[in-house]
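K.L.:
Pasting a structure below so you can have a look.
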Amino acid sequence: MNTLLAPTPPMGWNSWNTFGKQINQDIVLQTAKAMVDRGLRDAGYQYVVIDDCWQDRKRDAQGRLVPCPKAFPDGIAKLAEQIHDLGMKFGIYTCTGTHTCAQRPGSFGYEEIDAQSFADWGVDFLKHDCCFKPVDIPARTLYMRMGQALRATGRPILYSLCNWGKHDLMDWAPQPGAQMWRMGPDIYDCWESVSRIIFELQDGLERFAGPERWNDPDMLVVGMNNQGHVARGGCNWQEYKTHFAMWCMLAAPMMIGCDVRSMDDDTRDLLCHRELLAINQDPLGRQGYRVGQDEAKGEVWTKPLADGSIAVALCNRDDEHRRMINVAWESVGLHVSRQCTIRDVWKGKDVDTCSGSYATDVPPHGCAVLRLIPVK
3 MNTLLAPTPP MGWNSWNTFG KQINQDIVLQ TAKAMVDRGL RDAGYQYVVI DDCWQDRKRD
63 AQGRLVPCPK AFPDGIAKLA EQIHDLGMKF GIYTCTGTHT CAQRPGSFGY EEIDAQSFAD
123 WGVDFLKHDC CFKPVDIPAR TLYMRMGQAL RATGRPILYS LCNWGKHDLM DWAPQPGAQM
183 WRMGPDIYDC WESVSRIIFE LQDGLERFAG PERWNDPDML VVGMNNQGHV ARGGCNWQEY
243 KTHFAMWCML AAPMMIGCDV RSMDDDTRDL LCHRELLAIN QDPLGRQGYR VGQDEAKGEV
303 WTKPLADGSI AVALCNRDDE HRRMINVAWE SVGLHVSRQC TIRDVWKGKD VDTCSGSYAT
363 DVPPHGCAVL RLIPVK
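For the sequence shown, this note's numbering begins at 3 and goes up steadily by one.
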């Protein structure tokens with residue numbers, strides 16, 4: 003159990019955003035195969051995670067969780083084996099309470115039994131939600147119980163907490179052995195939801211993040227196009243690009259939420275963007291943070307990288323107008339006289355060499371991403 007399970011932000015796919023309660027083994031296996039065929043696995047997306055509603059509505063005579071026989075007739079262990087045979091890892095969902103959020107059996111009072119079932123089935127990732135929790139028992143206590151139960155199985159299982167950032171979560175989330183934890187409300191496929199999560203809820207959380215300790219702003223809605231369970235009008239392409247770029251800047255877990263079986267090539271190319279994913283997966287493990295904000299709705303975010311370069315996101319929150327947004331060297335820890343090569347991450351090429359500051363034009367709801375590379 004000494005091997006790090008999440009030295010960089012975990013990457014994968016989760017069923018909830020698109021399928022909600024309508025999930026079954028065929029969809030999961032088709033999705034995993036599509037992830038292989040479309041290059042997502044090789045880009046780093048390794049976890050295939052079933053969210054709520056995989057369970058039958060009653061436990062068996064021994065108190066064990068049972069998969070819904072109609073949706074998962076071959077059982078969870080068989081599905082996990084098939085996922086592993088594709089070179090991927092398998093994840094599952096449960097809840098701290100008496101019931102899950104969709105009112106299937108929860109793990110309250112069954113933590114040891116359920117953890118052993120997950121281990122026996124070959125589970126590699128557990129998302130642990132927080133619905134229907136007894137009011138007199140702190141969430142921390144229930145997460146500690148499951149964390150201990152997972153460790154006792156002897157199987158390495160990445161532990162993902164989901165209590166929406168409540169109960170001073172950031173102060174104790176690593177103690178149960180969690181590698182990632184939700185820091186806000188559920189995401190929806192609309193700009194209002196995405197922009198609130200980015201610009202209102204993330205800044206200041208960077209001190210809690212690092213290898214094995216990842217703040218989770220929730221799953222990606224890139225490519226959902228107003229389809230699926232969390233559709234709320236959808237985002238335009240520029241907004242999806244900003245969403246993806248800022249998850250990379252935030253060192254966020256990258257859990258795809260769209261139907262990858264039918265995603266278009268543009269969505270695939272965005273999800274597999276090599277230079278953006280390199281920022282997300284940078285081994286230094288620093289979460290990006292805001293260093294500039296102006297009255298014209300321009301924002302500057304920065305993320306130090308292991309090679310000494312600095313990732314910078316220039317975001318335009320204006321609904322209608324393009325903006326010139328400037329990053330000043332001193333705001334990101336560089337001396338004003340320091341010469342830097344400017345790499346446009348979207349274009350994948352160096353575009354300038356300068357000192358002091360750099361400005362670029364950003365469309366409404368857009369995000370320019372740069373790497374400032376000090377010239378040696």
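Cβ atoms here follow ideal geometry from the backbone N, Cα and C, with glycine treated the same way. As the structure is a prediction and not an experimental result, all values here were calculated from the model.
Take residue 164 and list the residues in its own chain whose beta-carbon comes closer than 7 Å to its own, dropping the five residues that flank it on each side.
P.N.:
Cβ neighbours of residue 164 beyond the five flanking positions: 129, 130, 131, 132, 184.
K.L.:
Buried or exposed for residue 136, please, with buried defined as at least 16 other CB atoms from any protein chain shown within 10 angstroms of its CB.
P.N.:
Residue 136 comes out exposed.
K.L.:
Output the distance between the C-alpha atoms of residue 337 and residue 358, rounded to the nearest integer angstrom.
P.N.:
C-alpha separation (whole angstroms): 7 Å.
K.L.:
Considering just the uninterrupted stretch of the alpha helix (DSSP H) at residue 122, what are its terminal residues?
P.N.:
Where residue 122 is concerned, the enclosing alpha helix (DSSP H) stretches over 113–123.
K.L.:
Across which residues does DSSP place residue 51 in a beta bridge pair?
P.N.:
In DSSP, residue 51 forms a bridge with 16, 93.
K.L.:
State the Cα-Cα distance for the pair residue 15 and residue 330, rounded to the nearest angstrom.
P.N.:
Each residue's Cα considered, the two are about 37 Å apart.
K.L.:
Is residue 3 helix, strand or coil by DSSP?
P.N.:
Confidence is the limiting factor: at residue 3 the pLDDT is only 46, short of 50, which leaves the residue's position unreliable and the question unanswerable from this model.
K.L.:
Distance check for residue 56 and residue 240, CA to CA, integer angstroms please.
P.N.:
Going by the C-alpha atoms only, they are around 34 Å apart.
K.L.:
So what does DSSP say about residue 110, is it helix, strand or coil?
P.N.:
In the structure shown, residue 110 sits in coil (DSSP, three-state: anything other than H, G, I, E or B).
K.L.:
Shortest alpha-carbon distance to residue 151 belongs to which of 31, 179, 346, 356?
P.N.:
Out of 31, 179, 346, 356, 179 has the C-alpha closest to the C-alpha of residue 151.
K.L.:
Is residue 250 helix, strand or coil by DSSP?
P.N.:
Note: residue 250 maps to helix in three-state DSSP.
K.L.:
DSSP three-state call for residue 168: helix, strand or coil?
P.N.:
In the structure shown, residue 168 sits in coil (DSSP, three-state: anything other than H, G, I, E or B).
K.L.:
My output table needs one value for residue 362: the three-state DSSP class, helix, strand or coil.
P.N.:
Strand.
K.L.:
Would you kindly report the start and end of the unbroken alpha helix (DSSP H) that includes residue 202?
P.N.:
Segment 193–203, the alpha helix (DSSP H) holding residue 202.
K.L.:
By Cβ distance below 7 Å, which residues in the same chain neighbour residue 175 in space, the five residues on each side in sequence not counted?
P.N.:
For residue 175, where only same-chain residues beyond five positions count, the Cβ hits under 7 Å are 163, 183.
K.L.:
Determine, using beta carbons only, whether residue 67 and residue 31 come nearer to each other than 9 Å.
P.N.:
Contact: no.
K.L.:
For residue 86, report the span of its alpha helix (DSSP H) as first-last.
P.N.:
Where residue 86 is concerned, the enclosing alpha helix (DSSP H) stretches over 78–87.
K.L.:
Are the beta-carbon atoms of residue 134 and residue 96 separated by less than 9 Å?
P.N.:
Taking 9 Å as the Cβ cut-off, residue 134 and residue 96 do not qualify as a contacting pair.
K.L.:
Let's test the definition: count the other Cβ atoms within 10 Å of the Cβ of residue 42 and tell me whether it reaches 16, buried, or not, exposed.
P.N.:
Classification for residue 42: buried.
K.L.:
Helix, strand or coil, according to DSSP, for residue 154 in the structure here?
P.N.:
Of the three classes helix, strand and coil, the one that applies to residue 154 here is helix, per DSSP.
K.L.:
Drop a sphere of 10 angstroms on the beta-carbon of residue 60, count the other beta-carbons inside from all chains shown, and report buried for 16 or more, exposed for fewer.
P.N.:
Residue 60 is exposed by the Cβ-count criterion.
K.L.:
Can you give the beta carbon distance from residue 234 to residue 192, rounded, assuming they're within the 8 Å contact cut?
P.N.:
So it is a contact: roughly 4 Å between Cβ atoms.
K.L.:
Just mark residue 339 as buried or exposed, buried being the case when its beta carbon has 16 or more other beta carbons within 10 Å.
P.N.:
Flag for residue 339 reads exposed.
K.L.:
For residue 327 and residue 292, what's the separation of their Cα atoms in angstroms?
P.N.:
Roughly 14 Å separates the two Cα atoms.
K.L.:
If we count the other Cβ atoms within 10 Å of its Cβ and call it buried at 16 or more, is residue 139 buried or exposed?
P.N.:
Per the 10 Å Cβ criterion, exposed.
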